[in-house]
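Taking it in order: structure first as structure tokens, then the write-up.
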Amino acid sequence: MSKRLEHLRGHRRFSVLATALAATVAALLPAAPAAAETAQQGWTGTWATAQHAAYDPGTSEVTVRIPVRVSAGGSSVRIRLTNDFTTEPVTIGHATIGLRDSGSAVTKPQKLRFGGKSAVTIAAGEQAASDQVRLTVPARSDLVVSLYFPGRLTHISQHWMGLQTVYWTPDGGGDHASDPSGDAFTKTDSTFPFLTGVDVQGGYAAGAVVALGDSITDGAASTSNANRRWPDYLAGRLSACTSTAGVLNEGISGNRITAGVDGNPSALDRLERDVLSQPGARTVVLFEGVNDLSWGGATGDQVIDGMKEIVRRAHERGLRVIGATVVPYRGWGDWWTEAKEADRQKVNTFVRDGGVFDGFADFDKAVRDPDDPTRYGAAFDSGDHLHPNDVGMKAFADAVDLTTLGAGRDCPSARVRITPYRPTLQAGGDGTEITSTVTNTGTKAVTEVSTRLDLPDGWSAEPAGSTRVRSLAPGDSAKVTWTVTPTADAVWGTHEIGVRTSFVQDGRTRRDSDSVDATVTPAPSEVRAPYLTTATTTEQAQYAQNGDQFAIWAGGQDLSGWKDEKAAVYLADAAPPSGTVSARVVGQTGSGPSAKAGIAVANDLTKPEAGGYAVLTMSAQYGLEFLTDSDGDGKLDTWAGGGSSYHPAWLKIVRDGTGYTAYASSDGTAWQQVAAATVPSASGTGDAGLVASAVNLNYPGQITTALFDSFSIHE
1 MSKRLEHLRG HRRFSVLATA LAATVAALLP AAPAAAETAQ QGWTGTWATA QHAAYDPGTS
61 EVTVRIPVRV SAGGSSVRIR LTNDFTTEPV TIGHATIGLR DSGSAVTKPQ KLRFGGKSAV
121 TIAAGEQAAS DQVRLTVPAR SDLVVSLYFP GRLTHISQHW MGLQTVYWTP DGGGDHASDP
181 SGDAFTKTDS TFPFLTGVDV QGGYAAGAVV ALGDSITDGA ASTSNANRRW PDYLAGRLSA
241 CTSTAGVLNE GISGNRITAG VDGNPSALDR LERDVLSQPG ARTVVLFEGV NDLSWGGATG
301 DQVIDGMKEI VRRAHERGLR VIGATVVPYR GWGDWWTEAK EADRQKVNTF VRDGGVFDGF
361 ADFDKAVRDP DDPTRYGAAF DSGDHLHPND VGMKAFADAV DLTTLGAGRD CPSARVRITP
421 YRPTLQAGGD GTEITSTVTN TGTKAVTEVS TRLDLPDGWS AEPAGSTRVR SLAPGDSAKV
481 TWTVTPTADA VWGTHEIGVR TSFVQDGRTR RDSDSVDATV TPAPSEVRAP YLTTATTTEQ
541 AQYAQNGDQF AIWAGGQDLS GWKDEKAAVY LADAAPPSGT VSARVVGQTG SGPSAKAGIA
601 VANDLTKPEA GGYAVLTMSA QYGLEFLTDS DGDGKLDTWA GGGSSYHPAW LKIVRDGTGY
661 TAYASSDGTA WQQVAAATVP SASGTGDAGL VASAVNLNYP GQITTALFDS FSIHE
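Printed below as a string of structure tokens:
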């Protein structure tokens, strides 16, 4: 919901070129009604994003690889590109599309052409569409679009909140658009450059549903690289219908109905470009207003007037409009007031009862706290009191009555959901209760309802009661509580737990599913030889090992010059005079913001005064810290680092005699140098290990839990 967008220029209204210009613009999109385009060409949008910003990447001869999760499937595909927010033309020298293999790898990338040509130049403010490519695109599958930019890339038109890893070659990397392998793509970011739409033909989609919204629709606070925005969940629901629909996400962070800013035009100003001109658009779900009412300074009446105008213009073009109620936001900064709450209630009464919309989705009711309707319910709140977590996104999608969309037909009426959101289980523990709930949202009873859990290999689940229900009346629910136990050697970290239900609806067997990310945590255990442990903390340290994973529970006042209080798992006499020590800090919890976890080297880690002492850590909140002992007295008296913290964090110390150089990486591929230092007392082969300190100077008695993996030592 940030109001600030840097380095953006004013919005250019959507426009078109009438003909293909030789060796420049080809296959340009007419700004005609969506229904007319569908009738003429049969295209249906299956993925979209709203471009709204531009920046200078300062690079040349590069290729970008953009993964996208489509909604509806088809037998042919095309892409749409935009250069809308720039002042200069852009040339794409080579473009491909294909099904994603994994990461940045593509299965049999297909060449894209534009008006029969391999290259296309798009003028500033214009769009271009590729020619049709025959490619079987399954519904809810991942496609990868690759674009090669010859010469200097002077600017990028983008949608900045991608929540998706996008892969780039390094500067000067050249044309790798046709590579099946992703090896050339060594740089990443999370914005969508130039790509504004993917369309399909030949599938079972009955048009497209456009989600017009702000950062909540854009997916803010949902899990990155997981497609857990509410339009993604809506697409999943529609994919189970006999007649499906594409779902197009046209959310922009900070967007408003009543006003816009440079690089973020209002919903009214972008309605033509982002909604009415979308191929095959049949319905729009309007989910905006919270920015207008909170920080935007608009009144409830002004928001209502804007909603009426959107509905009027959409109806003129033959689209249905579903209104979504404005969500509660008390606790989000200091934006909430009693007067603004009254305006929110006024807008929501209009959405529900105003008689203007073709239907409504009560997103407010789906996530509000029953005991305080001005706030999010805790189960749905991401923590900022405005943006929902993944389960809140799911609740929004569940609140949409599919029968009002005029798109999907013959949809399953029962839904199954798992609670709690992100359960925690302990490896080798006694089990954790997880509940599955099947709800019949239809108008008729469903029968023969059966539920089962999908678990990682070796895990067990015991239900309390029957997992079958003979009949479930409209509006009724059936719950099953399971005790789920992971294996004793289950990998610590995130594991998916799924649930499936089958039921008979109108004589046909139908199905629904859900999943949650469960976190497996370690329990203290022995650390096995050749690994050793050592601690200098008042609080008793504990440790655990699970194959190549390690856990340390540590106290300690500090890990710096004045105090050297830490717990460590280490290898004695294993670090060579010239070599590398590296590890990944998966995460750390507990204690204060200065808690540290990382790697250490020394002549003798049990006696830092023996010399050669250096530590590289990622702190809980204050970034990287590279500490060394400059005079051999066992005190870490030099420091370098800073920045912001991130986990997981790959850390590496490279030693060359008395010279130590520290590096860090967020992905284990692209490394940044933190600093270099001389440690005169380093001599011979030394110890190397994993360390943690709670840094309890201001948080006495607390314990930090640090998780590591990939610890290695190389000459």
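Everything in the sequence shown is counted per our numbering, starting at 1 for the first residue and increasing by one.
The beta carbon of each residue, even a glycine, is placed where N, CA and C say it ideally should be.
Because the structure is a prediction, the values reported are computed rather than measured.
Per DSSP, the continuous beta strand (DSSP E) segment holding Thr136 begins and ends at Val133 to Val137. Glu496 is the residue among Glu496, Ala205, Gly475 and His176 whose C-alpha sits nearest the C-alpha of Val484. By alpha-carbon distance to Tyr329, the top candidate from Val321, Arg320 and Glu341 is Glu341.
Scanning its chain for C-beta atoms nearer than 7 Å, with the 5 sequence neighbours on each side dropped, one finds around Gly623 the residues Gly641, Gly642, Gly643, Ser644 and Ser645, in chain order. Bounds of any alpha helix (DSSP H) do not take in Met618; it lies within the beta strand (DSSP E) bounded by Ala614 to Ser619.
CA-CA distance, Thr443 to Asp371, rounds to 29 Å. Contact annotation: the region 203-221 touches the region 237-251, with at least three C-beta pairs closer than 8 Å. C-alpha of Ser130 to C-alpha of Pro150: approximately 18 Å in a straight line. Put simply, the backbone Cα of Asn698 is about 13 Å away from that of Gly590. Put simply, the backbone Cα of Lys652 is about 13 Å away from that of Leu627. Counting other Cβ atoms within 10 Å of its Cβ, Ala682 reaches 16 or more and is therefore classed as buried. Excluding five sequence positions before and after Phe360, the CB atoms of its chain that fall closer than 6 Å to its own CB belong to Gly323, Val351 and Arg352, given in chain order. Closest in alpha carbon position to Asn440, among Val469, Pro193, Ile156 and Leu195, is Val469. In the DSSP annotation of this structure, the continuous segment of the beta strand (DSSP E) that includes Ile418 starts and ends at Ala414 to Thr419.
In this structure, Lys596 places its C-beta atom within 8 Å of the C-beta atom of Glu625. In this structure the region 219-235 does not lie against the region 170-181, because fewer than three pairs of beta carbons, one per stretch, are closer than 8 Å. Closest in alpha carbon position to Tyr663, among Met618, Lys635 and Ala366, is Met618. For Asp199, the enclosing beta strand (DSSP E) covers residues Leu195 to Gln201. In terms of Cβ geometry, Gly408 and Ala281 do not form a close pair [threshold 8 Å]. Under the three-state reduction of DSSP, Tyr660 is assigned to strand. Cβ contact annotation for Asp358 (same chain, cutoff 7 Å, sequence separation greater than five): Arg320, Val321, Ile322 and Thr404, in chain order.
Judged by their CB atoms, Leu147 and Thr63 are nearer to each other than the 8 Å cut-off. Judged by their CB atoms, Ser578 and Gly657 are nearer to each other than the 8 Å cut-off. DSSP, reduced to helix, strand and coil, places Gln545 within a strand of the structure shown. C-alpha of Gly493 to C-alpha of Gln672: approximately 26 Å in a straight line. Under the 8 Å Cβ criterion, the region 525-536 does not count as touching the region 466-481, having fewer than three qualifying pairs.
For Ala614, the number of other beta carbons within 10 angstroms of its own is at least 16, and it is reported as buried. Non-local beta-carbon contacts of Thr678 in its own chain, meaning distances under 7 Å to residues more than five positions away in sequence, involve Thr658 and Gly659 in chain order. Judged by DSSP in its simplified three-state form, Asp573 adopts strand. A check of alpha carbon separations from Val198 across Gly556, Val137, Gly173 and Ala688 identifies Val137 as the nearest. For Thr196, the closest alpha carbon among the candidates Gln51, Trp562, Val144 and Gly612 is that of Gln51. Gln345: member of the alpha helix (DSSP H) spanning Glu338 to Asp353, first to last residue. Distance from the CA atom of Val326 to the CA atom of Val70, rounded to whole angstroms, is 27 Å. Excluding the 5 residues flanking it on each side, Thr86 has same chain C-beta neighbours closer than 6 Å at Ala54, Ala124, His155 and Ser157, in chain order. Ile434 is bridged by DSSP to Trp482. The region 373-390 and the region 303-312 do not touch, with fewer than 3 CB-CB distances between them shorter than 8 Å.
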